[in-house]
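Line order of the protein sequences matches chains F and E.
Residue numbering for the first sequence follows the working numbering, starting at 10 and increasing by one per position.
Residue numbering for the second sequence follows the working numbering, starting at 10 and increasing by one per position.
For glycine and all other residues, C-beta sits at the position ideal for the given N, C-alpha and C.
Computed from a predicted model, the values in this text were never measured in an experiment.
One structure is given below, encoded as structure tokens.
Protein chains: 2
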Amino acid sequence: VTDSFPITQVVLRPGVIDLGWGSPDPTLLPVGEIGAASSAILREAGPSALSYGAPRGPGPLVEWLSQRLAGTRPPRPEWLVLTAGASQALDLFCTLFVEAGEIVLVEAPSYHLARKILRDHRATIVPLASGPEGPSTEELRATVAALRNAGKRCRWLYCVPTFNNPGGWSWPQACREAIVAEAAALGLTLIEDDVYRELAYSEPVAPPLADLAPEGVVVRLGAFSKVAGPGLRLGWLQAPPGITSRIVESGLLDSGGGIAHFSAMVMAELCRTGGFDAHVARMRTGLRERRDALLAALAESLPAGCRWTAPQGGYFVWLELPGDTDGTQLLPLAEAHGVSYLPGATFYPEGGGERHLRLAFSMYGPDALREAGRRLGDALRVDGAA
Amino acid sequence: VTDSFPITQVVLRPGVIDLGWGSPDPTLLPVGEIGAASSAILREAGPSALSYGAPRGPGPLVEWLSQRLAGTRPPRPEWLVLTAGASQALDLFCTLFVEAGEIVLVEAPSYHLARKILRDHRATIVPLASGPEGPSTEELRATVAALRNAGKRCRWLYCVPTFNNPGGWSWPQACREAIVAEAAALGLTLIEDDVYRELAYSEPVAPPLADLAPEGVVVRLGAFSKVAGPGLRLGWLQAPPGITSRIVESGLLDSGGGIAHFSAMVMAELCRTGGFDAHVARMRTGLRERRDALLAALAESLPAGCRWTAPQGGYFVWLELPGDTDGTQLLPLAEAHGVSYLPGATFYPEGGGERHLRLAFSMYGPDALREAGRRLGDALRVDGAA
Chain F
10 VTDSFPITQV VLRPGVIDLG WGSPDPTLLP VGEIGAASSA ILREAGPSAL
60 SYGAPRGPGP LVEWLSQRLA GTRPPRPEWL VLTAGASQAL DLFCTLFVEA
110 GEIVLVEAPS YHLARKILRD HRATIVPLAS GPEGPSTEEL RATVAALRNA
160 GKRCRWLYCV PTFNNPGGWS WPQACREAIV AEAAALGLTL IEDDVYRELA
210 YSEPVAPPLA DLAPEGVVVR LGAFSKVAGP GLRLGWLQAP PGITSRIVES
260 GLLDSGGGIA HFSAMVMAEL CRTGGFDAHV ARMRTGLRER RDALLAALAE
310 SLPAGCRWTA PQGGYFVWLE LPGDTDGTQL LPLAEAHGVS YLPGATFYPE
360 GGGERHLRLA FSMYGPDALR EAGRRLGDAL RVDGAA
Chain E
10 VTDSFPITQV VLRPGVIDLG WGSPDPTLLP VGEIGAASSA ILREAGPSAL
60 SYGAPRGPGP LVEWLSQRLA GTRPPRPEWL VLTAGASQAL DLFCTLFVEA
110 GEIVLVEAPS YHLARKILRD HRATIVPLAS GPEGPSTEEL RATVAALRNA
160 GKRCRWLYCV PTFNNPGGWS WPQACREAIV AEAAALGLTL IEDDVYRELA
210 YSEPVAPPLA DLAPEGVVVR LGAFSKVAGP GLRLGWLQAP PGITSRIVES
260 GLLDSGGGIA HFSAMVMAEL CRTGGFDAHV ARMRTGLRER RDALLAALAE
310 SLPAGCRWTA PQGGYFVWLE LPGDTDGTQL LPLAEAHGVS YLPGATFYPE
360 GGGERHLRLA FSMYGPDALR EAGRRLGDAL RVDGAA
């Protein structure tokens, strides 16, 4: 393997603790369990684990998932499609439902690579201000009205309401209820990216928008891969049967069958045996320790004027820098001190977040995270003295 | 598992030998080998088999593939991207390169579900007559000229030159050379669907268009899944680095990493150990036996006036019915006799193929194929007598 053709996406730079990567710590991944599940499913299901899979995903996993997602309004299996990760769910949804040039509202800040997928489908991105309290209904209403008054079609809002990427926060219950009601009134569909829900450090977790909204107002995206191994590329989409049937009947799934069939069969086995639940518990504990280590290091090491979120789940801390410190400008100095991150501006389509950073605590152990906090503090003090 | 939520895509009807499915016989799939490779790669590569994969695909498999594809012009690894099957390669290519409303020429007949993928991307399909001799350069030139004279952009031709789906034939060498030269002259890109190449029953196989064309004239699609297990969802795209880098930098692959990472890691192990080569040899033998059984049964059982192709690789026989017998109209009678197929009209976007059938001999053993031939002969004789 040469450097130019690596095995994994993450490529580490010597001497740099890179909190830019939203990836799980490799030591937390269930290598042995996936190995055992692979062997077991090939032994038990035989060639059906390797044949063209059902386009919706293998029945046993679809049915398990429909139970797993049972909140106040359990989605029937007809509401679900398994996908090659939440990203591929969004990609296929765009192919089938979002027209070239059409507007998609996105929370600002929100996940930058979802924006990239939307742009690949020639969507026009329009930001909607958001933050720890979620978007305001007034601003949503005004933004949609302005676009529609200008003769533009406006049907979609992409958002990450729970353990937000990049913010780590979750919309409060009142915001959830208000936004789904406003979306229903406006005829807007919410694309709810809910991939971090399983990674909650404490209960209860706020309900998904999909459980609060009238039928058809929410298309929800989720993932197994965030929890049990990103390389499995296994996620799902929850939507009314009219939408899932269009997806199941797409050329892509009609031609190739289930888009992640082997991974889905392995996961079906892991879920059936309880191995998935046991792994989720370990993952939550591991990530909580990492969050605690990073938060403690930030409290000890950062200069006055810094503020940050204390996430109750997921992978990310959102840090506000003091004074007029710019996260993008600080980056070279931080890297010279051996720590990296994604500047806040990354998560805004049209400016904003200049004084913020996203710190992912998911990929390193507690010791490295403590060291990263110290290095970031050192860089900020040098920057402040300059 | 209920009937409505099956595990696999193929759902058999009692009493019907269904030659409509272009799927491999489950008994030919390398279940034990994939199990061993899964265990081995998780043991050896550990968490890197489950982490976000390199967007291009894992280096070792990309490099193995670049050797495997070494014909007269070996593609460097930069020319390759691993995908979730050839269908997903086509799907992602369309997202990034084919504009809504744009024209895509397709061979008629050609693979109907590729057309469905193209239509999902709002392409306008225009047929180009083809057959055992491939398309004619004169017709290609005239079709493109007519479209362009009408003010339409015409940049793409989708084709299956080798072990064609549905025809089973391969374009002759002279046709290959003429079509790539004409495409180069016209500024047309050939999307060469080459998924059946490994399934050759005898050597040599005609070279891929990609080896004959000037750089950039061909985008080639291939698959591991046709050979070693469709449920692995693992294929590839070969194109100039300017195209593959756009794909590697797409939102889908940037966000999720390699789109079939775990399957690719398992396949990398199977290829490294020689297990893939051994399996390909078994697959060729198994499919050749099936082809021979079907061809013998057709020769024994079909009434006079039927003609069919004798494929040298792949999954399909293309059958021409006698007189004015219509393949779509015959289907209910055939199914009443316990045999099914896809009518030839399925493979034509705008009429044609009414007197043809596609018979897939890939999914059944020799005995079932002999019985299928007898049943089809009985149905045709009843039809002819009616």
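| Check | Outcome |
| --- | --- |
| With C-beta atoms as the reference, is GLY44/F less than 8 Å away from ALA273/F? | no |
| Count the other CB atoms within 10 Å of the CB of ALA219/F; is the residue buried (16 or more) or exposed (fewer)? | buried |
| Measuring CB to CB, does GLU336/E end up less than 8 Å from GLY347/E? | Correcting the residue identity first, residue 336/E is Gly in this sequence and not Glu. Against a cut-off of 8 Å, the Cβ pair of GLY347/E and GLY336/E comes out as no contact. |
| Going by beta carbon distance, what residues of the same chain come within less than 8 Å of PRO331/F, once the five residues before and after it are set aside? | PRO312, ALA313, GLY314, CYS315, LEU389, GLY393 |
| In the DSSP assignment, find the alpha helix (DSSP H) that holds GLY89/E and state where it starts and stops. | Correcting the residue identity first, residue 89/E is Leu in this sequence and not Gly. No alpha helix (DSSP H) holds LEU89/E; the beta strand (DSSP E) holding it covers 89 to 92. |
| When you compare only the Cα positions, how much space is there between LEU59/F and PHE325/E? | 21 Å |
| Take MET292/E as the anchor and find which of GLU201/E, SER32/E, ASN173/E, ARG131/E has the nearest alpha-carbon. | SER32/E |
| Relative to the C-alpha of VAL301/F, which candidate in VAL289/F, PRO320/F, SER310/F has its C-alpha closest? | Looking at the sequence provided, one finds Asp at residue 301/F rather than Val. That would be PRO320/F, whose Cα lies nearest to the Cα of ASP301/F. |
| For ALA345/E and PRO358/E, what's the separation of their Cα atoms in angstroms? | 28 Å |
| Counting only beta-carbon separations shorter than 8 Å, does PHE325/F have a partner in chain A? | Of the chains in the structure shown, none is chain A; the protein chains are F and E. |
| Would you report the Cα separation of SER259/F and ILE252/F, rounded to the nearest angstrom? | 11 Å |
| Which residues share a DSSP beta bridge with LYS165/F? | The sequence shown places Trp at residue 165/F, rather than the Lys named in the question. Bridge partners of TRP165/F: VAL113/F, THR198/F. |
| Classify ARG367/E: buried if its beta carbon has 16 or more other beta carbons within 10 angstroms, exposed otherwise. | buried |
| Take the Cβ of PRO223/E as the centre, count every other Cβ of all protein chains shown within 10 Å, and call the residue buried at 16 or more, exposed below. | exposed |
| Using only the alpha-carbon positions, how far apart do THR294/E and TYR210/E sit? | 7 Å |
| With a cut-off of 8 Å, does the C-beta of ASP263/F fall near any C-beta of chain E? | yes |
| Does any residue of chain F have a CB that is nearer than 8 Å to the CB of PHE397/E? | No answer is possible for residue 397/E: it lies beyond the span of chain E, which begins at 10 and ends at 395. |
| Am I right that LEU197/E and LEU166/E are in contact with their C-beta atoms under 8 Å? What's the rounded C-beta distance? | 6 Å |
| Here's a check: name, in chain order, each residue in its chain whose Cβ is nearer than 8 Å to the Cβ of ALA215/F, leaving out the five neighbours to either side. | PRO170, THR171, SER179, TRP180, PRO181, GLN182, ARG185 |
| Pop quiz: ARG242/E and ILE268/F are said to be a contact at Cβ under 8 Å. What is the actual Cβ separation, rounded to whole angstroms? | 6 Å |
| Name, please, each residue of chain F whose Cβ falls closer than 7 Å to the Cβ of GLU72/E. | PHE14 |
| Does any C-beta atom of chain F lie closer than 8 Å to the C-beta of GLY240/E? | yes |
| Less than 8 Å between C-beta atoms, sequence neighbours within five positions excluded: which residues of the same chain meet that for LEU279/F? | PRO39, GLU42, ILE43, ALA46, ALA237, PHE285, HIS288 |
| Taking CB distances under 8 Å as the criterion, tell me whether LYS161/F reaches chain E. | no |
| Going by C-alpha distance, which of PRO250/E, PRO175/E, PRO239/E, TYR205/E is nearest VAL227/E? | PRO250/E |
| Which bits of chain F does LYS125/E rub up against, with CB to CB less than 8 Å? | SER259, GLY260, ASP263, SER264 |
| Measure the C-alpha to C-alpha separation of SER177/E and VAL257/E and round it to an integer number of angstroms. | Per the sequence presented here, residue 177/E reads as Gly, with Ser not at that position. Approximately 33 Å between the Cα atoms of the pair. |
| Just how far apart, CA to CA, sit PRO175/F and ILE50/F? | 36 Å |
| Just how far apart, CA to CA, sit PRO375/E and LEU127/E? | 35 Å |
| Can you check whether the C-beta of TYR61/E is within less than 8 Å of a C-beta belonging to chain F? | yes |
| Relative to the alpha-carbon of MET276/F, which residue among TRP73/F, VAL25/F, PRO56/F, GLY24/F has its alpha-carbon at the smallest distance? | TRP73/F |
| Please confirm whether ALA54/F and PRO15/E have their CB atoms less than 8 Å apart. | no |
| Round the Cβ separation of LEU78/F and ASP100/E to the nearest angstrom and send it over; I've been treating them as touching at under 8 Å. | Not quite, the Cβ-Cβ distance comes to about 27 Å (not below 8 Å), so this is no contact. |
| Does DSSP classify PHE356/E as helix, strand or coil? | helix |
| Could you tell me which chain E residues have their CB closer than 8 Å to the CB of LEU130/F, listed as they occur along the chain? | The amino acid occupying residue 130/F in the given sequence is His; Leu does not appear at that position. Under the 8 Å cutoff, chain E gives THR104. |
| From the DSSP secondary-structure annotation, give me the bridge partner or partners of ARG367/E. | TRP327/E, LEU351/E |
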